[in-house]
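Residue numbers (the numbering used here), protein chains in the order written: chain A, 7 to 362; chain B, 34 to 351.
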Amino acid sequence: MAAVVIRDVEKAFGSTKVIHGINVDIADGEFVVLVGPSGCGKSTLLRMVAGLEEISGGTISIGNRVVNHLPPKDRDVAMVFQNYALYPHMTVYDNMAFSMKLRKADDKLIDERVQKAAGILNLREYLKRFPRQLSGGQRQRVAMGRAIVRDPQVFLFDEPLSNLDAKLRVQMRTEIKALHQRLKTTTVYVTHDQVEAMTMADRIVVMHDGIVEQIGTPLELYDHPVNTFVAGFIGSPAMNFINGTLRNGGGSLRVETAGGQAVRLQAAGKGVDGQPIILGVRPEHLSLGAGNEGIAGQVNVIEPTGAETQIFVDTPAGSVTAVFTERHDFAPGTPIVLKPQANSIHLFDAQTGQHL
Amino acid sequence: MTTVSTSPRPVSALSPRRSLADLLDDRRVLSFLFMAPALGILIIFLAYPLGLGVWLGFTDTRIGRAGVFIGLENYISLMGDSVFLLSVFNTIFYTTVATVLKFGLGLWLALLLNNSMPCKAFIRAIILLPYIIPTVLSAIAFWWIFDAQFSIISWALMKLGLIDRFIDFLGEPWNARWSVIAANVWRGIPFVAICLLAGLQTISPSLYEAAALDGATSWQRFRHVTVPMLMPILSIVLTFSVLFTFTDFQLIYAVTRGGPVNATHLMATLAFQRAIPGGRLGEGAAIAVAMIPFLVFATLFSYYGLQRRKWQQGSEDD
Numbered sequence: 007m008a009a010v011v012i013r014d015v016e017k018a019f020g021s022t023k024v025i026h027g028i029n030v031d032i033a034d035g036e037f038v039v040l041v042g043p044s045g046c047g048k049s050t051l052l053r054m055v056a057g058l059e060e061i062s063g064g065t066i067s068i069g070n071r072v073v074n075h076l077p078p079k080d081r082d083v084a085m086v087f088q089n090y091a092l093y094p095h096m097t098v099y100d101n102m103a104f105s106m107k108l109r110k111a112d113d114k115l116i117d118e119r120v121q122k123a124a125g126i127l128n129l130r131e132y133l134k135r136f137p138r139q140l141s142g143g144q145r146q147r148v149a150m151g152r153a154i155v156r157d158p159q160v161f162l163f164d165e166p167l168s169n170l171d172a173k174l175r176v177q178m179r180t181e182i183k184a185l186h187q188r189l190k191t192t193t194v195y196v197t198h199d200q201v202e203a204m205t206m207a208d209r210i211v212v213m214h215d216g217i218v219e220q221i222g223t224p225l226e227l228y229d230h231p232v233n234t235f236v237a238g239f240i241g242s243p244a245m246n247f248i249n250g251t252l253r254n255g256g257g258s259l260r261v262e263t264a265g266g267q268a269v270r271l272q273a274a275g276k277g278v279d280g281q282p283i284i285l286g287v288r289p290e291h292l293s294l295g296a297g298n299e300g301i302a303g304q305v306n307v308i309e310p311t312g313a314e315t316q317i318f319v320d321t322p323a324g325s326v327t328a329v330f331t332e333r334h335d336f337a338p339g340t341p342i343v344l345k346p347q348a349n350s351i352h353l354f355d356a357q358t359g360q361h362l
Numbered sequence: 034m035t036t037v038s039t040s041p042r043p044v045s046a047l048s049p050r051r052s053l054a055d056l057l058d059d060r061r062v063l064s065f066l067f068m069a070p071a072l073g074i075l076i077i078f079l080a081y082p083l084g085l086g087v088w089l090g091f092t093d094t095r096i097g098r099a100g101v102f103i104g105l106e107n108y109i110s111l112m113g114d115s116v117f118l119l120s121v122f123n124t125i126f127y128t129t130v131a132t133v134l135k136f137g138l139g140l141w142l143a144l145l146l147n148n149s150m151p152c153k154a155f156i157r158a159i160i161l162l163p164y165i166i167p168t169v170l171s172a173i174a175f176w177w178i179f180d181a182q183f184s185i186i187s188w189a190l191m192k193l194g195l196i197d198r199f200i201d202f203l204g205e206p207w208n209a210r211w212s213v214i215a216a217n218v219w220r221g222i223p224f225v226a227i228c229l230l231a232g233l234q235t236i237s238p239s240l241y242e243a244a245a246l247d248g249a250t251s252w253q254r255f256r257h258v259t260v261p262m263l264m265p266i267l268s269i270v271l272t273f274s275v276l277f278t279f280t281d282f283q284l285i286y287a288v289t290r291g292g293p294v295n296a297t298h299l300m301a302t303l304a305f306q307r308a309i310p311g312g313r314l315g316e317g318a319a320i321a322v323a324m325i326p327f328l329v330f331a332t333l334f335s336y337y338g339l340q341r342r343k344w345q346q347g348s349e350d351d
């Protein structure tokens, strides 16, 4: 186990720069998730840690050792690939034993390690099978088993659950988290799925266009997003953004929305009177109101999921989504007032997108 | 072949007077009709000549004289025919050496072409050239290259001071054998290289990455990833290559005509030599038929080689 330190790391493919100086400190034993939309550079960063991509600038250290010029095999990392990359011509056992065989480890030790990993991952009865004869979830577990057997300093996961169906994905998510709690090996996990990031990570690194937008624990990102990108990326359904103008006068602080309505804010807000802003409020922080307590509009679509009811509302300021834990049965077109919880409102600068 | 019958039809349609339209609606009739042209071509150009050849091998037919059945006499006399036995040796030697060289060099070339390099498409197209040129044309070129007086190889080696007189490439038995093998290898490499390149490109790069992380050196990646993943296509290409080389005729006939003193006669060229210029159709046919056991062996090899390996079996959904 080891800490991973990523310092001013840059990556360019030819003249195209895709990663612009990234700094991340990953503590020993930590589970860090790199999350971001496709093309944000998260996989490239992971592959640079693995040694599969050259580092154009900056340094990456694993356990106090700069690994920039070490080949993958000398970095003591194990990686789980999106397509699993199992050797199709080897049995499950041989797939897991391969790395140790290459190291000319003792047969008994290999067997011990493989059996132990297979036990952890419930793969004992499949050891003689070939990858083709396994289901997606089983292959995924073999890929993890191959990583465990190595007993590396760092586990790297590159979107390992993308090829699984929704139900299995949730199940494997839990398994990977349980595995980490058991082995306590430093883990870097790449995903584009913010739910995966939220549920698994000790800390999340939100990336966008080759830079880090924010690093923090899942709830820090949820409660205190630094800008509109993080606010919109973390949380599902996504945060509502409403354009408006800050009004700070007459003893009350409020936002005048583009539709001419006003949302009252708690005092102690920053920003100056007349400043154009973006008001952010999560769908789960909206409740039903009356009169001019909030944002008025008409119900457009209702999606009941049983546990909660999701309502899409057309307002003069644009479409707003609200989620209620209680059940509602509005007919489309019903007038409705959505009242944001005053302490859960986020204000962002309209120009920079930064949190006020 | 479909065994699915059409939906139940009215009884009247099954009567002998059913119309042509009804007949053409019948899947069995239709499938036969659609297969008929291919079947016809196979019978006329493949089954009939093969059957005729086998029959001629049991007769003493000569050109201009219909033969009579003489049983195994042709084969018995061939057993004691030193020229025939030499041609069997030549064929096996030619096939073995040429195949080994074609695969060694072809695989090497494929691995080189599989790397990213500038003008990749152009280089790949050029590699195919020897395969595109008609055999006889390239054979004539080789004839000149190996010519006793005008050989460019001899000339170049002379200029370099490595030899002091021209090499008689096609005049000495072993020189001639190696020369035709060289020509065959030159022609055969592109086929092997391009097929193996296609195979190499189906190997997922992430397997190499996984192997690199597992600690494999480049030789170990070749040994444990490339070779096993390439085996299925390798066995197919190997089979075809062996079949084509074993039955080679054009190259030998254009370059040496089997000479010097039968040193490069293959079974195919000897069969032609005896049957057409020599006029002994029966004996020529017997030589040709004698190739069949070897070819069957090669095909069986392919049959077992082509069998899906155990690791390729299992569910298809991946």
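Beta carbons are placed, not taken as given, at the ideal position from N, Cα and C, and that holds for glycine. Keep in mind the model is a prediction, meaning the values are calculated, not measured.
Secondary structure note for alanine 158 of chain B: its alpha helix (DSSP H) is the uninterrupted segment 153 to 160. Collapsing the DSSP output to three states places threonine 22 of chain A in a strand. Exclusion of the five residues before and after threonine 315 of chain A leaves Phe330, Arg333, His334 as the residues of its chain whose Cβ lies within less than 6 Å of its Cβ.
If you draw a 10 Å sphere on the C-beta of arginine 175 of chain A, you find 16 or more other C-beta atoms in it, and that means buried.
By the criterion of a C-beta distance shorter than 6 Å, glutamine 281 of chain A is surrounded in its chain by Leu252, once the five residues flanking it on both sides are discounted. For the 9 Å CB-CB criterion, leucine 129 of chain A and valine 148 of chain A form a contact. Legend: CB atoms of the region 252 to 285 of chain B lying less than 9 Å from CB atoms of chain A belong to residues Gln253, His257, Val258, Pro261, Met262, Met264. In the three-state reduction of the DSSP assignment, alanine 91 of chain A falls in the coil class. Beta-bridge partners assigned by DSSP to arginine 145 of chain A: none are found.
Taking the C-beta atoms as reference points, valine 11 of chain A is found nearer than 9 Å to isoleucine 32 of chain A. Across the structure, isoleucine 116 of chain A and leucine 58 of chain A are spaced so that their CA atoms are roughly 26 Å apart. Cβ contact annotation for isoleucine 217 of chain A (same chain, cutoff 6 Å, sequence separation greater than five): His26, in chain order. Arginine 256 of chain B and alanine 226 of chain B have their C-alpha atoms some 18 Å from each other. Every unbroken stretch of the alpha helix (DSSP H) spanning 4 or more residues and falling wholly within the region 227 to 285 of chain A is given here in chain order: 234 to 239.
Distance from alanine 123 of chain A to leucine 133 of chain A at the Cβ level is roughly 10 Å; contact not present, criterion being Cβ atoms closer than 8 Å. Partner residues in the beta bridge of aspartate 320 of chain A, as assigned by DSSP, are A:Gln304, A:Ser325. Taking a 10 Å sphere around the C-beta of threonine 223 of chain A, we find fewer than 16 other C-beta atoms and assign the residue as exposed. Burial check for lysine 192 of chain B: the Cβ neighbour count within 10 Å stays below 16, so the residue is exposed. In chain order, Val212, Glu219, Gln220, Leu227 place their CB closer than 8 Å to the CB of valine 236 of chain A, counting only its own chain and leaving out the 5 sequence neighbours on each side. Phenylalanine 104 of chain A is positioned such that its CB atom lies no closer than 9 Å to that of tyrosine 90 of chain A.
Apart from sequence neighbours up to five positions away, the residues of its chain that approach histidine 230 of chain A with a beta-carbon distance below 8 Å are Gly222, His361, ordered along the chain. Not one beta carbon of chain B lies nearer than 9 Å to the beta carbon of methionine 204 of chain A. The shortest CA-to-CA distance from glycine 86 of chain B to any of B:Met262, B:Asp55, B:Val329, B:Ala319 is the one to B:Ala319. Per the coordinates, the alpha-carbon of tyrosine 241 of chain B lies some 38 Å from the alpha-carbon of leucine 225 of chain A.
For the pair proline 341 of chain A and glycine 255 of chain A, the Cα-to-Cα distance works out to about 30 Å. Within its own chain, the residues whose Cβ lies closer than 6 Å to the Cβ of tryptophan 176 of chain B, once the five positions on either side in sequence are excluded, are Val288, listed in chain order. At a cut-off of 9 Å between beta carbons, glycine 248 of chain B contacts chain A.
By the Cβ-count criterion, glycine 221 of chain B is buried, with 16 or more other Cβ atoms from all chains shown falling within 10 Å of its own Cβ. In the displayed model, phenylalanine 126 of chain B falls within a helix according to three-state DSSP. For the pair of segments examined, the region 177 to 191 of chain A was found not to touch the region 106 to 116 of chain A: the number of CB pairs separated by less than 8 Å stays below three. Contact between the region 336 to 352 of chain A and the region 294 to 310 of chain A is established, with three or more Cβ pairs separated by less than 8 Å. Valine 39 of chain A is positioned such that its CB atom lies closer than 9 Å to that of arginine 209 of chain A. Any Cβ of chain B closer than 9 Å to the Cβ of serine 105 of chain A would place that residue at the interface, and such an atom is present.
Taking the beta carbon of phenylalanine 239 of chain A as reference, no residue of chain B falls within 7 Å; the closest one sits roughly 27 Å away. The region 80 to 138 of chain B contains, as complete alpha helix (DSSP H) runs of 4+ residues, the segments 81 to 90, 106 to 112 (chain order). Residue A:Glu290 holds the alpha-carbon nearest to the alpha-carbon of alanine 313 of chain A among A:Leu52, A:Gln304, A:Glu290.
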